[in-house]
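Asks: Before we start, here is the structure in question, set down as structure tokens.
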């Protein structure tokens, strides 16, 4: 029996869509947490420091994860398209 080597482009397209979907979930998480932080009655220096950290570092780190997932989706779609072209 021959071993299958390669890909099924439709499966890779579905994987890319899932990467995009998960990136969107991260965007939703960032928005939700930012709104929740903004709605707190927490005041003072600790709040200001935390909010500064959230806005400058923490939410940026999450945005980077989302961007990486979107980049992975683009690469996966490109691979699927290359497979389609090679198989045509």
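In this note's numbering, the protein residues as written are 105 to 192.
Note that the Cβ used here is the ideal one computed from N, Cα and C, for glycine as well.
From residue 117 to residue 168, what distance separates their C-alpha atoms?
Replies: Position 13 of the chain shown, counted from the first residue, corresponds to residue 117. Position 64 of the chain shown, counted from the first residue, corresponds to residue 168. Answer to the nearest angstrom: the Cα atoms are 22 Å apart.
Asks: Where does residue 70 land, buried or exposed, given buried means 16+ other C-beta within 10 angstroms?
Replies: Outside the shown range of the chain, which is 105 to 192, sits residue 70, and nothing can be said about it.
Asks: Smallest Cα separation from residue 125: which of 192, 174 and 188?
Replies: Position 21 of the chain shown, counted from the first residue, corresponds to residue 125. Checking every option, the nearest Cα to that of residue 125 belongs to 174.
Asks: For the alpha helix (DSSP H) containing residue 133, name the first residue and the last one.
Replies: By one-based count along the chain shown, residue 133 stands at place 29. Residues 113-143.
Asks: Along the chain, where does the alpha helix (DSSP H) containing residue 161 start, and where does it finish?
Replies: Translated into the one-based positions of the chain shown, residue 161 becomes position 57. Neither: residue 161 is in no alpha helix (DSSP H) and is coded neither H nor E.
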